[in-house]
Amino acid sequence: MIQDGLMIFLLAAALDIMLGEPPVRIHPVVWIGKLIAFLRARLRPTRIHGIILALIVISVTVATGHLLVLLASPVPFLPLLVSAFLFKSTFAIQCLLQVSSDIGRMIDQDIDEAKKMLPALVGRDTSTLTHAQASSAVIESLSENYVDSILSPFFYYLLFEPFGLGLEAALAFKAISTMDSMVGYKTRGLKELGFAGAKLDDLANFIPARISIIFMALARPTKAAAALKAAFKYHSATPSPNSGWPMAACAGALGIRLEKIGYYVLVEDGKEPETSDVPKAVHYMQVVIALTLAASMLILFFMTLFYES
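First residue of the sequence shown: 2, per the numbering used here; consecutive thereafter.
The structure is reproduced here in structure tokens:
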């Protein structure tokens, strides 16, 4: 069972790195989004209906993934491929790095075009951003999304794989994360309906966000102390209970000041980010992600040895 879990993880990582995101029409997260949109249009904007929305979305996502693997079981190796495809849909390594890199280059070349691209990463108003503020936005999103889009799915896969439920746990997390991104806003009509999804997302990312600073420190040993110091000093500066940890650690490791105007400042004494800091941040996060992949594979490998002995 654990041996299959390691193979699924390796296949999923290979799919992501070599092929990137699957086509929209067959992307599981797109279908989760369609389910959320369908339910949102039919439920009232209350907390009770938000709980119903969360229960349905999580249950349907997990049950569908489990059923697809079962349906593939008569064909040799097909369950592994289906599982790898589904697990890959819960994380996005190549996409996160590529989009961040592309927008970073565009900030240098054409700031107006970069402002149009930025909503793919950030939710803030981009129309008035300067080069420094746009660069900060990319680096903030890159470091924050490392947790939500990579580390957390890995964490829940590893946590539940000994029980044969690694894929299901990762899918459940992705359902929660997608709900938060679609309805977890404090706007009229969503504040109550999205309350359950937002709180579940905060809870689900709580431990991974704090683990993230370990990988961020290890990725740049000479700046490990600065990364950890910044994380512990500024983690509570952000409205989110989790995003401050990886963003502050990244700012500390790179020695830059990250700011979302009117909301927070991380590493106040850091230098103002320049467009050249974006590729540096992308490279840094590549190392962080590589360490995360390596650690995850090692854990699964030792799990395999333990359960076989």
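The beta-carbon is built from N, C-alpha and C at its ideal position, and this holds for glycine as well.
For residue i, three-class secondary structure by DSSP
{"i": "Val58", "result": "helix"}
{"i": "Val123", "result": "coil"}
{"i": "Ile262", "result": "coil"}
{"i": "Val200", "result": "In the sequence on display, residue 200 carries Lys and not Val. Three-state DSSP puts Lys200 in a helix."}
{"i": "Lys187", "result": "coil"}
{"i": "Lys44", "result": "The question names Lys, but residue 44 is Leu in the sequence shown. Looking at Leu44 - three-state DSSP - the assignment turns out to be coil, as it is neither helix nor strand."}
Anticipated Cβ contact below 8 Å, residue i with residue j, distance rounded
{"i": "Met304", "j": "Glu162", "result": "7 Å"}
{"i": "His132", "j": "Thr239", "result": "The pair is not a contact, with the Cβ atoms about 23 Å apart (cut-off 8 Å)."}
{"i": "Gly34", "j": "Met183", "result": "6 Å"}
{"i": "Gly190", "j": "Asp202", "result": "Incorrect: roughly 19 Å between the Cβ atoms, too far for contact."}
{"i": "Phe196", "j": "Gly66", "result": "About 26 Å separates the two Cβ atoms, so there is no contact after all."}
{"i": "Ile94", "j": "Asp17", "result": "5 Å"}
Alpha-carbon spacing of residue i relative to residue j, whole angstroms
{"i": "Arg48", "j": "Ala64", "result": "24 Å"}
{"i": "Val268", "j": "Gly253", "result": "7 Å"}
{"i": "Cys251", "j": "Leu11", "result": "27 Å"}
{"i": "Thr188", "j": "Leu306", "result": "50 Å"}
{"i": "Leu87", "j": "Leu255", "result": "34 Å"}
{"i": "Lys120", "j": "Thr127", "result": "Inspection of the sequence shows that residue 120 is occupied by Pro rather than by Lys. About 8 Å."}
{"i": "Ala249", "j": "Phe216", "result": "13 Å"}
{"i": "Lys116", "j": "Lys261", "result": "15 Å"}
{"i": "Pro23", "j": "Leu259", "result": "32 Å"}
{"i": "Gly198", "j": "Gln99", "result": "28 Å"}
{"i": "Leu82", "j": "Ala135", "result": "39 Å"}
{"i": "Gly6", "j": "Lys272", "result": "44 Å"}
{"i": "Leu122", "j": "Cys96", "result": "11 Å"}
{"i": "Lys234", "j": "Leu152", "result": "22 Å"}
{"i": "Leu166", "j": "Lys200", "result": "23 Å"}
{"i": "Ala42", "j": "Ile57", "result": "14 Å"}
{"i": "Tyr264", "j": "Asp278", "result": "22 Å"}
{"i": "His28", "j": "Asp270", "result": "43 Å"}
{"i": "Arg45", "j": "Ala170", "result": "28 Å"}
6 Å CB neighbourhood of residue i in its chain, flanking five on each side removed
{"i": "Ser101", "result": "Val139, Leu143 and Val283"}
{"i": "Val31", "result": "Val25"}
{"i": "Val289", "result": "Phe216, Met217 and Ala220"}
{"i": "Ala73", "result": "Leu79, Pro80 and Val83"}
{"i": "Ala341", "result": "No statement about residue 341 is possible, as the shown extent of the chain runs from 2 to 310 and does not include it."}
{"i": "Val266", "result": "Glu260"}
Proximal residues to residue i (C-beta, below 7 Å), its chain only, five neighbours per side dropped
{"i": "Trp246", "result": "Ala210, Arg211, Ser213, Ile214, Ala232 and His236"}
{"i": "Thr179", "result": "Val30, Ile33, Gly34 and Ile37"}
{"i": "Ala13", "result": "Ala85, Phe88 and Lys89"}
{"i": "Ser297", "result": "Phe10, Phe155 and Leu159"}
Spatial neighbours of residue i in its chain, beta-carbon cut-off 8 Å, leaving aside the 5 residues before and after
{"i": "Phe207", "result": "Pro242 and Asn243"}
{"i": "Ala173", "result": "Ile59, Thr62, Val63 and Tyr157"}
{"i": "Glu114", "result": "Met107"}
{"i": "Lys230", "result": "Gly253"}
{"i": "Leu69", "result": "Val83 and Leu87"}
Interface flag, residue i vs chain D, CB-CB below 9 Å
{"i": "Glu275", "result": "This model lacks chain D altogether; it includes just one protein chain."}
*asked:* As an exercise, report each continuous beta strand (DSSP E) stretch of at least 3 residues that is fully enclosed by the region 48-122, in chain order.
replied: none
Worksheet item: Which ranges would you report for the beta strand (DSSP E) in the region 265-294 if only whole runs of at least 3 residues count?
Response: 265-267
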